[in-house]
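Numbering (this note's numbering), first residue to last: 556 to 603.
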Amino acid sequence: NMWSTENAGILDYTAEVELWTRAGHIKIELKRGIDIREFERLLAEYIL
């Protein structure tokens, strides 16, 4: 399983997360206010 994140930095309004799994490719758009680093930490802890 792999994932990537994309954001434009501190002033970014959205961030994207793309997941590649055996089940397929999943793309998630996170709205402003979501802590992308915390989201990544949760992915690493519970999915990998």
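For each residue, glycine too, the CB sits at the ideal point set by N, CA and C.
- Of the residues E595, R592, L598 and E571, the one whose Cα lies closest to the Cα of L585 is E571.
- Straight-line spacing of the CA atoms in E593 and I602 works out to 14 angstroms.
- Going by C-alpha positions, A578 is about 25 angstroms away from T569.
- Apart from the 5 residues on each side of it in sequence, R596 has no Cβ closer than 8 angstroms to any other Cβ in its chain.
- Taken through DSSP and simplified to helix, strand or coil, I589 comes out as coil.
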